[in-house]
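Everything on this sheet refers to the single structure shown next.
This is the structure:
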């Protein structure tokens with residue numbers, strides 16, 4: 001986050017923050033429920049990523065626009081209503097676009113409401129900055145989240161079905177590892193990604209503490 | 001659609017379709033609060049209680065929303081009612097059972113953003129459960145959540161004394177443990193399906 | 001929030017004003033979305049349902065949904081009588097009844113297995129089958145979707161009404177793979193017995209209810225009224 | 001009530017007895033040319049010297065006086081001259097203030113400083129004073145001043161004196177011999193102790209591997225039936241106070257409490273036998289029986305050893321010529337202390353000297369230590385009902401407070417059963433000793449040493465454990 | 001005595017019982033060998049190849065993680081060997097070798113190395129491996145071949161040599177060609193569950209039925225277990241509690257409805273109940289340490305096994321029951337701490 005006395009972050013920094021430094025999936029480990037539940041395939045993962053990004057952008061815009069008039073006592077309630085609105089919107093949009101996708105994602109679209117990352121962004125960023133910056137940051141976060149989901153979904157689809165985006169990769173005789181599309185596989189794949197990240201961070205000579213904003217790490 | 005019996009719903013929700021281990025609901029508190037046994041139990045109890053309240057509220061709300069054909073307000077009203085229910089529970093508890101409040105109080109705010117609670121409301125709606133089914137479902141969800149939390153807390157407390165490699169420490173270890181627990185819970189698949 | 005105590009308290013009017021504003025903005029957004037997507041969503045749902053029904057009743061061209069209960073037959077949209085069962089009637093291009101379809105569900109290995117089956121009143125048999133939704137083990141349970149031998153069970157699965165008219169003459173049941181001897185038996189998939197059982201149980205439960213209720217109204221459905 | 005049920009405590013272990021010295025009689029060991037008498041041979045405050053360098057002393061003469069209640073005097077073990085009062089190595093390593101006596105070659109066994117008295121004429125209180133003056137301490141190894149142990153505060157009524165003749169430690173046979181060879185002295189000692197504590201009956205507990213000792217004592221039991229002999233199963237640590245009380249009376253002493261709380265005082269047979277010997281004669285404690293044995297000893301046996309005899313002299317006499325690359329243990333193998341120097345003298349606390357040679361120490365020393373595999377053996381054997389497995393893991397993580405608050409480390413009396421059975425070779429007892437020492441420091445730091453009314457001010461007790469009340473033998 | 005003094009200074013106790021982790025583990029390996037030999041006699045080359053592959057994978061994986069964590073080799077403690085042998089014994093004899101490699105890797109990596117190695121694992125590694133491949137390859141792990149089929153010492157089951165990552169071929173035709181009369185390709189448990197046929201007592205005792213590599217002869221497993229228990233390398237209370245509670249529960253069900261529930265001996269002899277109870281539930285690191293806890297743990301496993309078998313979707317429940325027992329072990333230990341000497345019963349000391 002912005003630390004007084006430092007040069008204010010550029011737009012690029014804002015954008016990259018969510019993609020790398022504070023990746024919601026790998027660094028902050030937020031929004032796990034949808035991340036694990038729907039990532040049985042790359043398509044689902046991307047769809048979920050897109051839906052979440054949409055909600056992030058919409059709520060960031062609205063929260064940022066209203067940041068001066070929302071009294072602090074009711075700000076959380078306001079944010080939740082705004083987020084729920086955009087989630088309902090995206091819920092209807094997906095149902096209108098593809099019923100198949102809608103059924104694949106199931107109740108987890110609506111559960112975006114309680115994705116703490118979104119509330120966290122609204123509280124910690126959008127409510128403090130102008131719409132332009134808030135949108136850039138939200139877009140970065142959304143893309144970062146989508147990348148995280150894709151990393152999960154693609155591994156699970158490749159191993160669990162031998163395909164990527166439904167395209168067979170290894171020919172017809174490939175034995176799928178069914179466990180990967182089952183719940184344990186979700187835990188294992190995300191766990192393995194985190195292991196990889198830990199290992200990568202540990203092998204650097206001077207490991208930097210991950211920057212975690214206080215307001216976001218506290219609630220699940 | 002054939003009706004699932006109450007026993008089936010309960011068993012399936014606690015074991016085979018455990019909210020945490022099979023449906024990935026309530027993962028954040030699961031990872032966050034499962035470090036110690038003495039916090040896991042109150043957290044589980046508080047969550048179960050709120051789930052029951054939320055399930056009851058959601059049932060009534062869903063009825064209203066359907067009657068007045070305001071489906072697009074369902075999600076908003078659910079999330080608002082859950083947040084209010086938590087507040088209400090907190091106030092009632094504070095007034096009538098301060099001891100319980102002291103034990104559970106710090107967990108209640110955490111519960112608002114617990115997707116397992118909203119999950120109970122959303123799933124019972126999607127599955128068109130009757131009131132009795134919905135309540136049993138909520139009970140099962142709470143019991144399943146508490147069970148998973150307790151198991152996880154026990155394992156993590158024990159692993160605190162183990163030589164877990166540095167790379168594995170933290171969330172990665174919790175996820176791997178959850179995966180193994182989830183693997184073990186697969187044994188319950190189909191339990192109660194027979195008769 | 002401890003910081004709240006340090007801040008000046010916002011007057012209630014301002015809070016209410018803001019909340020009102022938020023509610024208005026959100027409400028407008030919601031209603032707009034709802035109205036603009038409603039048609040598409042309903043169309044999607046209808047198409048999906050039709051596709052499913054037409055798959056289990058080949059040759060069908062149009063379909064209607066009904067509820068049937070003790071009190072009688074009610075087309076979709078009307079007041080649903082208590083204890084009624086929903087089903088779909090499918091008609092060919094000429095408007096002749098091709099068959100009836102209903103949904104069945106039962107607890108399978110992992111979760112509810114939901115299927116759609118076609119009931120042929122003329123043959124008094126189930127002659128179509130499709131899976132609507134399941135969470136069974138890939139590679140085992142999902143064989144119910146494509147296993148040819150299993151699907152063969154539903155080419156003419158006996159569902160005759162019993163003499164009393166309140167239940168099937170022979171309950172539909174599953175037998176071990178290769179053990180089918182009677183037309184009302186379903187040959188289980190070897191290795192996927194639990195899922196096969198769920199399918200049979202679901203269909204049996206549904207047909208036991210639906211077929212007796214339907215019997216008095218069959219002629220009404222014929223012409224595609 | 002349940003004759004088919006063995007009278008014993010739960011759990012415990014059965015190490016090989018190795019009591020090869022049990023058959024032979026006790027022999028006497030000659031005086032060394034130089035005796036070293038540490039002023040702190042007992043638990044409590046060190047004694048205060050009464051002599052100066054150059055002063056002549058005779059055998060039995062008090063050369064140091066008790067310093068307060070929890071302290072005992074020291075008597076000269078032989079005729080000679082005080083060479084110096086200086087720092088000398090102790091068994092545990094640190095050098096301690098000791099009186100060094102150069103022994104006259106003509107010194108004899110005669111005790112020349114004694115005042116025989118009629119004990120029956122003394123009140124219990126006077127009796128306790130006489131016991132303190134004799135310098136008697138618990139000879140089983142704890143070295144807790146005997147008069148202090150026999151001083152019963154008013155709120156307790158003692159009904160039974162338990163005489164500990166178990167000698168559950170492997171190798172040791174000194175108590176066994178005393179019971180067999182000096183039953184009359186023992187009976188005399190028991191009478192004295194019973195009077196001092198006001199107990200109406202006394203039970204001598206003997207392990208069933210010493211039938212001859214039990215028979216010898218039974219033959220000398222007084223006619224009034226106040227004293228009885230009970231045979232208990234051979235099991236380690238049968239000789240721990242709390243275990244023996246449980247075995248004989250079926251009573252468990254609550255955690256953190258002393259046997260007095262259940263109306264019992266426990267004394268070692270060695271202590272009471274020697275009390276019966278020296279008290280009527282009005283002598284001081286100048287010698288004790290020591291078992292000298294082990295694979296590295298050529299003439300193993302039990303010896304009357306004058307207190308203050310250097311270890312080297314004892315070992316030479318017993319035939320351990322080459323003592324390099326050996327392990328020398330004071331006490332039994334389960335709880336004894338390895339010595340750091342051969343200049344260390346035999347003190348009142350030394351019940352045995354074990355010498356293991358290279359062959360015996362090499363194999364265990366090279367054993368590999370594993371993480372705890374949770375086999376649960378330690379839980380199965382811990383006589384105190386603790387969970388050493390858990391305690392060990394907590395100790396490795398330095399969770400000392402948790403060990404104390406949740407897992408009762410304070411109850412551990414370091415009997416060694418857990419380490420004895422541990423297949424992962426975890427030094428559990430050592431970890432617990434460290435943990436208890438650290439916890440004691442923490443407690444001391446929290447409650448600054450204000451002069452409390454607590455009578456049993458143990459001062460800074462050596463690593464014998466927080467409560468000397470529970471100690472084998 | 002002029003030479004420099006070298007005194008050993010160690011803390012008490014100075015004598016030890018003389019058991020060691022290696023010794024215990026080695027004897028477990030010894031006790032497993034007859035079962036392995038019997039399996040090879042039953043299933044021939046395929047079983048042998050599978051056992052060797054799985055054990056080798058476990059050892060290599062253990063070594064790999066030793067390297068990664070820069071610790072000394074832990075192969076000599078025999079624990080990885082035990083994991084490999086046990087894992088192989090729970091797999092079907094026709095299991096493709098490449099899947100055996102996956103199972104072995106999962107067992108050591110997920111079940112053991114993750115937690116820091118021997119003593120720290122919270123689940124039985126062999127069962128973690130087995131559960132992983134059960135979830136990953138549900139078809140292959142429920143494909144059975146008849147015991148003692150002719151030619152088992154001269155040829156592999158076709159599935160054994162499946163190319164890595166590929167689907168094993170369908171062996172229905174092959175089995176028909178090698179069939180011992182009446183073989184249905186189902187284990188006794190599956191035949192009971194889906195066809196309500198209780199296998200012949202004698203057949204089950206001698207192990208002439210389709211099953212995993214090592215679970216065909218409950219008798220042999222019991223004898224090997226008795227050897228270990230007699231040498232005190234195994235806690236007899238755990239198998240006693242598991243088998244006892246399973247038998248009792250099965251008896252109750254059988255008395256309640258003999259047509260629906262099989263006789264108790266069937267529960268005991270079919271599937272991997274005895275193998276699991278004797279060799280896997282007794283894994284020291286993953287079972288409770290307290291005396292009361294051990295009984296609770298065993299009874300829980302026994303009851304869960306029977307419940308899964310009778311009312312669950314699976315035919316066999318012992319593996320999941322043990323894994324769940326493992327998961328419950330810390331909680332069981334927590335609530336069954338022994339009573340501290342002298343502490344009043346019931347109240348906390």
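Chains as they are written, first to last, in our numbering: chain A, 1 to 220; chain B, 1 to 195; chain C, 1 to 225; chain D, 1 to 473; chain E, 1 to 349.
Here a beta-carbon is modelled for each residue, glycine too, at the ideal position from N, C-alpha and C.
Check: Under 8 Å between beta-carbons, which chain C residues line up against residue 126 (chain B)? List them in chain order, please.; Outcome: The contacting residues do not exist; residue 126 (chain B) stays about 12 Å from chain C at best.
Check: Return the residue from the list B:67, B:70, B:60 that minimises the CA-CA distance to residue 81 (chain B).; Outcome: B:60
Check: Are the beta-carbon atoms of residue 148 (chain B) and residue 18 (chain B) separated by less than 7 Å?; Outcome: yes
Check: To the nearest angstrom, how far is the alpha carbon of residue 351 (chain E) from that of residue 55 (chain E)?; Outcome: Since the first residue shown for chain E is 1 and the last is 349, residue 351 (chain E) is missing from the structure and cannot be characterised.
Check: Count the other CB atoms within 10 Å of the CB of residue 337 (chain E); is the residue buried (16 or more) or exposed (fewer)?; Outcome: buried
Check: Which same chain residues end up closer than 7 Å to residue 347 (chain D) when comparing Cβ atoms and leaving out the 5 residues on each side of it in sequence?; Outcome: 38, 41, 307
Check: Residues of the stretch 70-86 of chain A in Cβ contact with chain C at a cutoff of 7 Å, in chain order, please.; Outcome: 70, 71, 72, 73, 74, 78, 81, 82, 85
Check: If you count every other CB in all the chains shown that lies within 10 Å of the CB of residue 171 (chain A), and 16 or more means buried, which is it?; Outcome: exposed
Check: Would you say residue 416 (chain D) and residue 13 (chain E) are within 7 Å of each other, going by their C-beta atoms?; Outcome: yes
Check: The stretch 145-177 of chain B: which residues have C-beta closer than 9 Å to a C-beta of chain D, in chain order?; Outcome: 158, 160, 161, 162, 163
Check: Would you kindly work out how many angstroms separate the C-alpha atoms of residue 213 (chain A) and residue 31 (chain A), rounded to a whole number?; Outcome: In this prediction, residue 213 (chain A) scores a pLDDT of 38, lower than 50, which makes its location untrustworthy; the coordinate-derived value is nonetheless stated afterwards. If you take the alpha carbons of residue 213 (chain A) and residue 31 (chain A), they lie about 15 Å apart.
Check: Where do the ends of the alpha helix (DSSP H) carrying residue 92 (chain A) lie?; Outcome: 75-97
Check: Identify the continuous alpha helix (DSSP H) that holds residue 245 (chain D) and give its terminal residues.; Outcome: 241-249
Check: Take residue 50 (chain D) as the anchor and find which of D:26, D:76, D:33 has the nearest alpha-carbon.; Outcome: D:76
Check: Given that a residue counts as buried once 16 or more other Cβ atoms are within 10 Å of its Cβ, and exposed if not, what is residue 118 (chain E)?; Outcome: buried
Check: Please state whether DSSP places residue 475 (chain D) in a helix, a strand or coil.; Outcome: Nothing about residue 475 (chain D) can be read from this structure; chain D reaches only from 1 to 473.
Check: From this set, E:43, E:258, E:120, E:296, which residue's C-alpha is nearest residue 150 (chain E)'s C-alpha?; Outcome: E:43
Check: When you compare the CB positions of residue 123 (chain E) and residue 106 (chain E), do they come within less than 7 Å of one another, or not?; Outcome: no
Check: Here's the rule I'm using: 16 or more other beta-carbon atoms within 10 Å means buried, otherwise exposed. How should residue 381 (chain D) be labelled?; Outcome: buried
Check: I'd like to know if the stretch 285-299 of chain E and the stretch 367-376 of chain D are in contact, where contact means that at least 3 CB-CB pairs between them fall below 8 Å.; Outcome: yes
Check: With C-beta atoms as the reference, is residue 99 (chain E) less than 7 Å away from residue 140 (chain E)?; Outcome: yes
Check: Quick one: using the 10 Å Cβ neighbour count with 16 as the cut-off for buried, is residue 399 (chain D) buried or exposed?; Outcome: buried
Check: Compare the C-alpha of residue 95 (chain C) against each of C:176, C:188, C:59, C:216 and name the closest.; Outcome: C:59
Check: Rank E:236, E:211, E:248 by C-alpha distance to the C-alpha of residue 271 (chain E) and give the top, closest one.; Outcome: E:211
Check: Does the Cβ-Cβ distance between residue 16 (chain B) and residue 323 (chain E) come in under 7 Å?; Outcome: no
Check: May I ask you to list, following chain order, the residues of the stretch 21-43 of chain C that have a beta carbon less than 9 Å from some beta carbon of chain E?; Outcome: none
Check: Starting from residue 48 (chain A), follow the alpha helix (DSSP H) in both directions and report where the run begins and ends.; Outcome: 42-65
Check: May I have a chain-ordered list of the alpha helix (DSSP H) segments no shorter than 4 residues that lie completely inside the stretch 38-69 of chain E?; Outcome: 45-68
Check: Give the range of the beta strand (DSSP E) segment to which residue 204 (chain C) is assigned.; Outcome: Residue 204 (chain C) -> not in any beta strand (DSSP E); alpha helix (DSSP H) instead, spanning 193-214.
Check: What is the residue span of the alpha helix (DSSP H) that residue 174 (chain E) lies within?; Outcome: 172-177
Check: Whose CA, out of D:59, D:63, D:369, D:414, lies closest to the CA of residue 48 (chain D)?; Outcome: D:63
Check: Apart from the five residues on each side of it in sequence, which residues of its chain come closer than 7 Å, Cβ to Cβ, to residue 22 (chain D)?; Outcome: 173, 176
Check: Under a three-way DSSP split, which group does residue 120 (chain C) fall into?; Outcome: strand
Check: Can you tell me whether residue 9 (chain B) is buried or exposed? The criterion is at least 16 other CB atoms within 10 Å of its CB, across all chains shown.; Outcome: buried
Check: Count the other C-beta atoms from every protein chain shown that fall within 10 angstroms of the C-beta of residue 93 (chain D), then say buried if there are 16 or more, exposed otherwise.; Outcome: exposed
Check: Identify each residue in the stretch 368-393 of chain D for which the Cβ-Cβ distance to at least one residue of chain B is less than 7 Å, and report them in chain order.; Outcome: 371, 393
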